[in-house]
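2 protein chains.
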Amino acid sequence: MPLLAAVPAAAQPSDDPVVLVIHGGAGSIVRAQMTPERETAARTALEAALRAGHGVLTEGRPALDAVLAAIELMEDDPTFNAGRGAVLAADGTARHDASVMEGATGRAGASAGTMHVRHPIRLARAVMEHSPHVLLTGEGAEEFAMTQGLELVPNEWFVTERRREELERVQRREREAQGEAGPRLEQMTGTVGAVALDQAGHLAAGTSTGGMTNKRWGRVGDSPIIGAATWADDATCGVSTTGHGEFFIRLAVAHDVHARVKYLGEPCAQAAQAVIHETLQAAGGTGGLIALDREGRVAMPFNTGGMYRGFITRSGAVTVRLYPDEDE
Amino acid sequence: MPLLAAVPAAAQPSDDPVVLVIHGGAGSIVRAQMTPERETAARTALEAALRAGHGVLTEGRPALDAVLAAIELMEDDPTFNAGRGAVLAADGTARHDASVMEGATGRAGASAGTMHVRHPIRLARAVMEHSPHVLLTGEGAEEFAMTQGLELVPNEWFVTERRREELERVQRREREAQGEAGPRLEQMTGTVGAVALDQAGHLAAGTSTGGMTNKRWGRVGDSPIIGAATWADDATCGVSTTGHGEFFIRLAVAHDVHARVKYLGEPCAQAAQAVIHETLQAAGGTGGLIALDREGRVAMPFNTGGMYRGFITRSGAVTVRLYPDEDE
């Protein structure tokens, strides 16, 4: 099976619908700056996440199980800005945000600012399933994680050499620039996410991130915000976003895709394209999203130099892409 | 000027548009359970907040200044669940959430879980105006507040005898009920908010709360979530919500009002009614919202026993209501 199937997004044959779509972050992914090793690592990791989620769906399990299977692998993989190997806050710690939503029930859960929960996406799900709340934060969220028996690890477990150097580089630039304190684009564009369609025809979506390098003041981006980063409604589509989170909050990007489908009657893929290439673009924001509807039609629009992304069909055909020119 | 003008919401004369609408929480406000003192206190406080914001608008200052003037008064007034006199978390502390959004620019700011910032709504505004972020949380948010010279007070300053007794009552009930740990409706339905229209024709909205009595695990409701509790777009409307926050997040209520206006072409008041009486109602959620458009047309729908609410017109005519049957 070819790693890069020549199947145009949003037009794959309806007898082999997409059942899982994932992203691993959007940003200035330029071929010239990628080593072959990093490129191979990214493609391999994306394909592994797709196959993990596909296995779950093939067993007839719910869409949310597949979302978790895919995201947990990406959280553990230092290639992506989530879980282990996530970017570091200004104080050198890793702080994670995550959210999930179910299309059949409209239930949702999220956590923000945790430092010890190995799989933040599992915490988001536990908040949805085992608390009366949608969003838990900080130490309180970790207390709740303990009551749920979730795996905890020392913060150090998440920290990789690459991210430590990245933080040092950013802080050195900041000191040199003095007053000019605006965070830079390349610091803000990592996240992982997944949207799945199960055999019962239900959608689920999830998003997980370490946020932004050198973040301060308990900054929370869009990843734990239902309606900004994550949305799922069986009647419209499932969405997970990645990019400069502040814009995604201010534009309620994930909910906006849903609203266009619901109120304008646009197909999910068309709504997804419009929100990224018209609304986000006009606002000056950068990033991308993945979207999937109940018919298994997928969209993966972005307005950055590249986006780690891929999907798998019911029959198991995998498509993985990094650069813009891989889309036909 | 009568305190209860006989002007139907959403149909006030266009030569005297509404320029400021506020709410002080929705819930089971039953006449039989209100003392005359509490009723008078609520009506007086709502009118004072409206007049404060009106004064700002009359001076030609921006809509956001009026939103802050109204909300700061309500934050300081123990009548409402925001700032001083807000409900208490499970550990007996007051923890505040707030958000603001500007209709002209789409800029937004929010803070969650602060314990020492006297006026959380000012912090939300400072996040919008003086940070590159939209949402700051916990101790980090307070660190940022210090850099902005915002007034800090001991947490004890916020705590009133009434709320301490309320927390004790809820915790006693919880112990008696044992396993049945679901939070009760009356614990969740307080918030303050405002939407203003300035002389330049721009909208702004803001929301502030202490959240839910006996909250745990760093629970954050909808109040600091742009798109859930707060939205403002000059092209559609400004919105602030109050109610059972988890539903407002899962339905992206504030953004949904905007989306109906933008994509369905509904008038703001009609969209506001539909979101509360159709979407929220169908989901089993409770609460209400205030909405205002650029023509000064107002809506204040809710599906609870009552909602503290009121508006003031350009000429200074005040309407204040608590119960459902005060609407014609």
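Chains as they are written, first to last, in our numbering: chain A, 66 to 393; chain B, 66 to 393.
The beta-carbon is built from N, C-alpha and C at its ideal position, and this holds for glycine as well.
These numbers were taken from a predicted model, which means no experiment stands behind them.
Mind checking W222 (chain A): buried by the 16 CB within 10 Å criterion, or exposed?
-> For the purposes of this step, residue 222 (chain A) is identified with residue 157 of the first sequence, where counting begins at 1. Exposed, since its Cβ has fewer than 16 Cβ neighbours within 10 Å.
On the premise that V121 (chain A) lies in contact with T295 (chain A), defined as a C-beta separation below 8 Å, what is that separation, rounded to the nearest angstrom?
-> One-based indexing of the first sequence puts residue 295 (chain A) at position 230. One-based indexing of the first sequence puts residue 121 (chain A) at position 56. Actually they are not in contact, since the Cβ atoms of T295 (chain A) and V121 (chain A) sit about 19 Å apart, beyond 8 Å.
query: If the cut is a Cβ gap below 7 Å, which residues of chain C does H320 (chain A) touch?
result: Chain labels in this structure do not include chain C; the protein chains are A and B.
Practice prompt. Find out if the Cβ-Cβ distance for the pair A269 (chain B), P127 (chain B) is shorter than 8 Å.
Written response: Position 204 of the second sequence, counting from 1, holds the residue named residue 269 (chain B). Position 62 of the second sequence, counting from 1, holds the residue named residue 127 (chain B). Yes, the pair counts as a contact, with Cβ atoms nearer than the cut-off.
*Mind checking who A175 (chain B) pairs with in its DSSP beta bridge?*
The residue given as residue 175 (chain B) occupies position 110 in the second sequence. B:S164, B:L200.
Which one of A:A147, A:R284, A:V304 has the shortest CA to CA distance from L129 (chain A)? As a first step, residue 129 (chain A) must be located in the first sequence, where it is residue number 64. Of A:A147, A:R284, A:V304, the residue nearest in Cα terms is A:V304.
| Do the region 302–316 of chain B and the region 199–217 of chain B touch if we need at least three Cβ pairs shorter than 8 Å? | Fewer than three pairs of CB atoms, one per stretch, sit closer than 8 Å, so the region 302–316 of chain B makes no contact with the region 199–217 of chain B.
#### Entry: Interface positions of the region 276–287 of chain A facing chain B (Cβ-Cβ less than 7 Å), listed along the chain
R281, W282, G283, R284, V285
Express the C-alpha separation of M372 (chain A) and P389 (chain A) in angstroms, rounding to a whole number. In the first sequence, counting from the first residue as 1, residue 389 (chain A) sits at position 324. In the first sequence, counting from the first residue as 1, residue 372 (chain A) sits at position 307. Looking at the two C-alpha atoms, the distance is approximately 8 Å.
> Does the beta carbon of T202 (chain B) sit closer than 8 Å to a beta carbon anywhere in chain A?
Replying inline: The residue you call residue 202 (chain B) lines up with position 137 of the second sequence. Cβ-Cβ to chain A under 8 Å: yes for T202 (chain B).
* **First through last residue of the beta strand (DSSP E) which encompasses A297 (chain A)** => For the purposes of this step, residue 297 (chain A) is taken as the residue at position 232 of the first sequence. Residues 295–297.
Taking the DSSP output, what are the residues bridged to H323 (chain A)? On the first sequence, position 258 is the one that residue 323 (chain A) refers to. Answer by DSSP bridge pairing: none, since H323 (chain A) is not bridged.
For this session: Could you tell me how far apart the beta carbons of A135 (chain A) and A259 (chain A) are, in whole angstroms, since I believe they sit closer than 8 Å?
Result: The count along the first sequence starts at 1 and reaches residue 135 (chain A) at position 70. The count along the first sequence starts at 1 and reaches residue 259 (chain A) at position 194. Confirmed, about 4 Å.
* Do you know offhand how far A341 (chain A)'s Cα is from V363 (chain A)'s? -> The sequence position of residue 341 (chain A) within the first sequence is 276, counting from 1. The sequence position of residue 363 (chain A) within the first sequence is 298, counting from 1. The sequence shown places Ile at residue 341 (chain A), rather than the Ala named in the question. Whole-angstrom Cα-Cα distance: 15 Å.
For the region 86–160 of chain B, list the alpha helix (DSSP H) runs that are entirely contained and at least 4 residues long, ordered along the chain. 101–123, 128–141
For G353 (chain B), which residues from the same chain have a beta carbon less than 8 Å from its beta carbon, with the 5 sequence-adjacent residues on both sides left out? Locating residue 353 (chain B) in the second sequence gives position 288, where the first residue counts as 1. Answer for G353 (chain B): H88, A91, T306, T307, G308, I341, M365, P366, F367, N368, T369, M372, R374, listed in chain order.
If we define contact as Cβ-Cβ less than 8 Å, is F367 (chain A) a contact residue for chain B? Within the first sequence, residue 367 (chain A) is the residue found at index 302, counting from 1. Cβ-Cβ to chain B under 8 Å: no for F367 (chain A).
Q.
Taking DSSP's pairing of strands, which residues face I355 (chain A) in a bridge?
A. In the first sequence, counting from the first residue as 1, residue 355 (chain A) sits at position 290. I355 (chain A) pairs with A:S305.
Under a CB-based cut-off of 8 Å, is V165 (chain A) close to chain B? Here the question's residue 165 (chain A) lines up with position 100 in the first sequence. Cβ-Cβ to chain B under 8 Å: no for V165 (chain A).
**Bridge partner(s) assigned by DSSP for F376 (chain A)** = Locating residue 376 (chain A) in the first sequence gives position 311, counting from the first residue. DSSP, once it has assigned bridges, lists A:V86, A:T384 as partnering F376 (chain A).
* Asked: To the nearest angstrom, how far is it from the Cα of A324 (chain A) to the Cα of E230 (chain B)?
  -> Here residue 324 (chain A) refers to the residue found at position 259 when the first sequence is read from its first residue. Here residue 230 (chain B) refers to the residue found at position 165 when the second sequence is read from its first residue. So the alpha carbons of these two residues sit roughly 43 Å apart.
How would you call M211 (chain B), buried or exposed, if buried means at least 16 neighbouring beta carbons within 10 angstroms? Locating residue 211 (chain B) in the second sequence gives position 146, counting from the first residue. With fewer than 16 neighbouring CB atoms inside 10 Å of its own CB, M211 (chain B) falls in the exposed class.
Local conformation of R189 (chain A) per DSSP, three classes: Taking the first residue of the first sequence as position 1, residue 189 (chain A) is located at position 124. According to the sequence as given, residue 189 (chain A) is Ala; it is not Arg. The answer is helix: DSSP assigns A189 (chain A) an H, G or I state.
- [ ] Mind checking who V318 (chain A) pairs with in its DSSP beta bridge?
- [x] Here residue 318 (chain A) corresponds to residue number 253 of the first sequence, with the count starting at 1. The partner list for V318 (chain A) (beta bridge, DSSP) is empty, contrary to what the question assumes.
query = When the distance is taken between beta carbons, is Q213 (chain A) closer than 8 Å to A191 (chain A)?
reply = Taking the first residue of the first sequence as 1, we reach residue 191 (chain A) at position 126. Taking the first residue of the first sequence as 1, we reach residue 213 (chain A) at position 148. Yes, Cβ-Cβ distance for A191 (chain A) and Q213 (chain A) is below 8 Å.
**Prompt:** Span of the beta strand (DSSP E) holding A269 (chain B)?
**Reply:** By one-based count along the second sequence, residue 269 (chain B) stands at place 204. Counting along the chain, A269 (chain B) sits inside the beta strand (DSSP E) bounded by residues 268–274.
Exercise for the section: Could you tell me the distance, in whole angstroms, from the CA atom of V152 (chain A) to the CA atom of V257 (chain B)? Expected result: Translated into positions along the first sequence, residue 152 (chain A) becomes position 87. Translated into positions along the second sequence, residue 257 (chain B) becomes position 192. Roughly 36 Å separates the two Cα atoms.
What is the DSSP secondary structure of I291 (chain B), counted as helix, strand or coil? Reading the second sequence from its first residue, position 226 is the one you call residue 291 (chain B). The answer is strand: DSSP assigns I291 (chain B) an E or B state.
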